[in-house]
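These notes concern the structure reproduced below.
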Amino acid sequence: MSDCLFCKIINGDIPADKVYEDDAVLGFNDINPVAPHHVLFIPKKHISTVNELEATDAELVGKLFLAAQQHAATLGVNADGYRLTMNTNASAGQTVFHIHLHMLAGRPFSWPPG
Ligand code: 5GP
Ligand code: ZN
């Protein structure tokens, strides 16, 4: 999508601090980190929100989690723990409408979230 911020990062029109890439998924550091490690994993295919997911996207969504799993191991935070979050629409705090899996690590996280 031409007016999507994360599609522009995928296309290279906007720079990002990339930490992971494969054929279907891109991972890059969040510009406003809320933890010592804060990475966003996005599909290279534009999908606005979880509400727009289709059955044929199931493997792609799985790849987001596998990318996060792999990067957590690379960072060495997998045993200590990390949080994966995907916000959907306004009340959940979604501000960029291209689905993204937040990976937060490097400090303890409380529950319930704010
Ligand atoms: P959301 O609130 O939609 O769940 O998360 C969007 C995230 O994207 C936020 O954590 C925000 O800091 C991050 N973000 C917004 N614009 C940019 C950008 O231009 N570059 C990067 N790397 N992250 C961004
Ligand atoms: Zn997009």
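Number 107 in the working numbering belongs to position 111 of the sequence shown; there are no gaps in the numbering. All C-beta atoms in this analysis are idealised placements derived from N, C-alpha and C, irrespective of residue type, glycine included.
Q.
Quick check on the DSSP output: what are the complete beta strand (DSSP E) runs of length 3 or more inside the region -3 to 42, in order along the chain?
A. 14 to 17, 21 to 25 and 33 to 39
Q: Look up Thr84 in the DSSP assignment and say whether it is helix, strand or coil.
A: Against the sequence shown, residue 84 aligns to sequence position 88. DSSP places Thr84 in coil when its eight states are reduced to three.
**Q.** Whether Tyr78 touches Leu100 by CB criterion (9 angstroms)
**A.** Against the sequence shown, residue 78 aligns to sequence position 82. Against the sequence shown, residue 100 aligns to sequence position 104. Yes, these two residues count as a Cβ contact at 9 angstroms.
Q) Leu100 lies in the beta strand (DSSP E); which residues open and close that run? A) As a first step, residue 100 must be located in the sequence shown, where it is residue number 104. Segment Leu97 to Ala101, the beta strand (DSSP E) holding Leu100.
Q) For Leu49, which residues from the same chain have a beta carbon less than 6 angstroms from its beta carbon, with the 5 sequence-adjacent residues on both sides left out? A) As a position in the sequence shown, residue 49 is number 53, starting the count at 1. So no residue of the chain qualifies.
Q. Got a sec: does the ligand 5GP put a non-hydrogen atom nearer than 8 angstroms to the Cβ of His33?
A. What you label residue 33 is simply residue 37 of the sequence shown in a count that begins at 1. Flag unset: Cβ of His33 not near the ligand 5GP.
Q. Near Thr84, which residues of its chain fall below 7 angstroms by C-beta distance, leaving aside the five closest residues on each side in sequence?
A. The count along the sequence shown starts at 1 and reaches residue 84 at position 88. Cβ within range, chain order: Thr45, Val46, Asn47 and Gln90.
Q.
Under DSSP, the alpha helix (DSSP H) around Gln90 begins and ends at which residues?
A. Position 94 of the sequence shown, counted from the first residue, corresponds to residue 90. Segment: none, Gln90 is in no alpha helix (DSSP H) and carries neither H nor E.
Q. Is it the case that the CB of Gln6 approaches a heavy atom of the ligand 5GP more closely than 8 angstroms?
A. Reading the sequence shown from its first residue, position 10 is the one you call residue 6. One detail in the question is off: residue 6 reads as Ile in this sequence, not Gln. Because no heavy atom of the ligand 5GP lies under 8 angstroms away, the Cβ of Ile6 does not count as near it: no.
Q. Count the other CB atoms within 10 Å of the CB of Phe2; is the residue buried (16 or more) or exposed (fewer)?
A. Within the sequence shown, the letter at position 6 stands for residue 2. Phe2 is buried by the Cβ-count criterion.
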